[in-house]
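S.K.: Supplied in structure tokens, the structure appears directly below.
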Amino acid sequence: MMLFCAIIKMPKLDGIEFLSKATESNSDVPIIMISGHGNIETAVEAVKKGAYDYISKPPDLNRLLVTIRNAMDRNRLVKEAKTLKRKVSKVQEMIGESQAINKIKETIEKVAPTEARVMITGENGSGKELVARWIHEKSNRSEGPLVEVNCAAIPTELIESELFGHEKGSFTSAIKQRIGKFEQANGGTLFLDEIGDMSVSAQAKVLRALQEGKITRVGGEKEISVDVRVVVATNKDLLQEVEAKNFRLDLYHRLSVILIHVPSLNERREDIPLLVDRFLVDIAEDYGQVKKEIDAKAITALQQHDWTGNIRELRNIVERLVILSGKTIAKEDVETYVK
């Protein structure tokens, strides 16, 4: 947190000129102008150019302290608002200009307005969830809900209840009725992440829901109609899973109307400079700091790294470099802190 107090009359560069240059370089830093030579016109000009307040000499100490406190509080609130706005924004931008990423963007533009089911493949951390969110955002269902389910994170015995809901008393811990993800996503999009980890019994019910547009809650008998577009993602080769009897072939064909493969970061190294720059901006906003610079040799070193964790790993490493490096992230910092 920084705060500047500038004097109107200064040698070489007067306070108004300093104010203009300071707000150009960092508009978030509050600046209080103090002068014994100014007038109302000067005060108005200073505020228009971005000063937080204007105080005449000799300053009243209590007023100055209150002004500084208020300026710091306002600056903190502005930064928090920017951070929250970025975090709650519907969809993060898809960063990259590589041929592979441009192809994905073109495919999304064509596919999103349709009702076609989409299967997204790619390694962990490569950005499959982001592709799914963009499909929903650009679809005719964008005003409806986007419900996400990580099939790998839900125990096998609970996956059916999670997807289709259950009636009270249908099993020991079912103390009240539960609405499943299919019903929650009605009128919108259901994103099933890591679909390859879904149990075979749950796969059969998902297939029926896709074929008939109806589901039945666990322990219930009533059929419930649902209007849901299903988008799935996996890091597995589902055709191999089919051969191993772990995945239904008929469900695979139902889900794979459109196939989108998200490349690993190692396959799109030319996008690393753009990704790093975005992460530096985001991290600076999260920490309430000025964006840290990174030199060209450090970028080259990052491009030569073997990214087993893809985009997620790159984001974590950039944050590590921001915390541990000096004013500018150098090649030596990458060599020291990137393992």
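So that you can map any letter, position 326 of the sequence shown is 346 in this note's numbering, and since no number is skipped, the others follow by simple counting.
Quick reminder that beta carbons are idealized off the backbone N, C-alpha and C, glycines included.
Report the residue from Q112, M92 and G164 whose alpha carbon sits nearest the alpha carbon of R249.
M.R.: In the sequence shown, residue 249 corresponds to position 229, counting from 1. Considering only alpha carbons, the answer is G164.
S.K.: Once you ignore the five residues that flank E355 on each side, which residues in its own chain have a CB closer than 6 Å to its CB?
M.R.: As a position in the sequence shown, residue 355 is number 335, starting the count at 1. No residues qualify anywhere along the chain.
S.K.: Can you name, in chain order, every residue of its own chain whose Cβ lies under 6 Å from the Cβ of G207, other than the five neighbours on each side?
M.R.: Within the sequence shown, residue 207 is the residue found at index 187, counting from 1. Hits under 6 Å: G164 and D247.
S.K.: Rounded to whole angstroms, what is the Cα-Cα separation between H325 and V296?
M.R.: One-based indexing of the sequence shown puts residue 325 at position 305. One-based indexing of the sequence shown puts residue 296 at position 276. Each residue's alpha carbon lies about 13 Å from the other.
S.K.: Buried or exposed: where does N330 fall if 16 or more other Cβ atoms within 10 Å of its Cβ makes it buried?
M.R.: For this step, residue 330 is matched to residue 310 along the sequence shown. A buried status is given to N330, since no fewer than 16 other beta-carbon atoms sit within 10 Å of its beta-carbon.
S.K.: Determine contact between the stretch 205-223 and the stretch 253-267, defined as no fewer than three beta-carbon pairs at a distance below 8 Å.
M.R.: The stretch 205-223 is in contact with the stretch 253-267.
S.K.: Would a C-beta distance cut-off of 8 Å place L391 and V358 closer than the cut-off?
M.R.: There is simply no residue 391 to check, as the chain begins at 21 and stops at 359 in what is shown.
S.K.: Comparing alpha-carbon positions, which option in F202, G116 and S118 lies nearest G233?
M.R.: Locating residue 233 in the sequence shown gives position 213, counting from the first residue. Taking the Cα of G233 as reference, the smallest distance to any Cα among F202, G116 and S118 is reached at F202.
S.K.: If you draw a straight line from the C-alpha of A140 to the C-alpha of A63, how long is it?
M.R.: In the sequence shown, counting from the first residue as 1, residue 140 sits at position 120. In the sequence shown, counting from the first residue as 1, residue 63 sits at position 43. Correcting the residue type first, residue 140 is Ile in the shown sequence and not Ala. About 58 Å.
S.K.: Indicate whether T348 and I303 have their beta-carbon atoms separated by less than 8 Å.
M.R.: Position 328 of the sequence shown, counting from 1, holds the residue named residue 348. Position 283 of the sequence shown, counting from 1, holds the residue named residue 303. No.
S.K.: Considering only C-alpha positions, which residue in the set A132, Q323 and T134 is nearest to L285?
M.R.: As a first step, residue 285 must be located in the sequence shown, where it is residue number 265. Measuring from the Cα of L285, the nearest candidate turns out to be Q323.
S.K.: Throw me the rounded Cβ distance for the V238 and H186 pair, which I believe falls under 8 Å.
M.R.: Translated into positions along the sequence shown, residue 238 becomes position 218. Translated into positions along the sequence shown, residue 186 becomes position 166. The Cβ separation is near 4 Å, so the contact holds.
S.K.: Please classify P283: is it buried, with 16 or more other beta-carbons within 10 angstroms of its beta-carbon, or exposed?
M.R.: Numbered from its first residue, the sequence shown carries residue 283 at position 263. Classification of P283: buried, given that the 10 Å Cβ count is 16 or more.
S.K.: Rounded to whole angstroms, what is the Cα-Cα separation between V138 and K125?
M.R.: Residue 138 sits at position 118 when you count from the first residue of the sequence shown. Residue 125 sits at position 105 when you count from the first residue of the sequence shown. Computed Cα separation, rounded: 14 Å.
S.K.: Confirm, please, whether the CB-CB distance from G145 to E333 is below 8 Å.
M.R.: Start at 1 with the first residue of the sequence shown, and residue 333 comes out as number 313. Start at 1 with the first residue of the sequence shown, and residue 145 comes out as number 125. Contact flag set, yes.
S.K.: DSSP on S55, reduced to helix/strand/coil?
M.R.: For the purposes of this step, residue 55 is identified with residue 35 of the sequence shown, where counting begins at 1. In the structure shown, S55 sits in a strand (DSSP, three-state: E or B).
S.K.: If I'm right that E241 touches S118 with Cβ under 8 Å, what's the distance once you round it to whole angstroms?
M.R.: If you number the sequence shown from 1, residue 241 lands on position 221. If you number the sequence shown from 1, residue 118 lands on position 98. The Cβ separation is near 52 Å, so there is no contact.
S.K.: To the nearest angstrom, how far is the alpha carbon of E143 from that of R89?
M.R.: Start at 1 with the first residue of the sequence shown, and residue 143 comes out as number 123. Start at 1 with the first residue of the sequence shown, and residue 89 comes out as number 69. If I take the Cα positions, the gap works out to 49 Å.
S.K.: Rank E352, R96 and V262 by C-alpha distance to the C-alpha of K317 and give the top, closest one.
M.R.: Mapped onto the sequence shown, residue 317 falls at position 297. Closest by alpha carbon: E352.
S.K.: Can you look up I292 in the DSSP assignment and give me helix, strand or coil?
M.R.: Translated into the one-based positions of the sequence shown, residue 292 becomes position 272. It is helical.
S.K.: Pull up the CB-CB distance for K312 and V342, whole angstroms please, since I reckon it's below 8 Å.
M.R.: In the sequence shown, residue 312 corresponds to position 292, counting from 1. In the sequence shown, residue 342 corresponds to position 322, counting from 1. K312 to V342, Cβ: 5 Å. Contact.
S.K.: Under three-state DSSP, which class holds Y74?
M.R.: As a first step, residue 74 must be located in the sequence shown, where it is residue number 54. Three-state DSSP puts Y74 in a strand.
S.K.: In whole angstroms, give me the CA-to-CA distance for N122 and E263.
M.R.: As a working mapping, residue 122 is identified with position 102 in the sequence shown. As a working mapping, residue 263 is identified with position 243 in the sequence shown. Distance between the alpha carbons of N122 and E263 is about 33 Å.
S.K.: Can you pull the DSSP bridge partners for F379?
M.R.: The structure shown does not extend to residue 379, since the chain is modelled only from 21 through 359, so no value can be given for it.
S.K.: Can the beta-carbon of S55 be found closer than 8 Å to that of S40?
M.R.: Residue mapping note: residue 55 aligns to position 35 of the sequence shown, counting from 1. Residue mapping note: residue 40 aligns to position 20 of the sequence shown, counting from 1. Taking 8 Å as the Cβ cut-off, S55 and S40 do not qualify as a contacting pair.
S.K.: Rank K225, Q260, T134 and E305 by C-alpha distance to the C-alpha of E243 and give the top, closest one.
M.R.: In the sequence shown, counting from the first residue as 1, residue 243 sits at position 223. Comparing Cα-Cα distances from E243 to each of K225, Q260, T134 and E305, the minimum goes to K225.
S.K.: In three-state terms, what does DSSP make of E168?
M.R.: If you number the sequence shown from 1, residue 168 lands on position 148. For E168, the three-state secondary structure derived from DSSP is strand.
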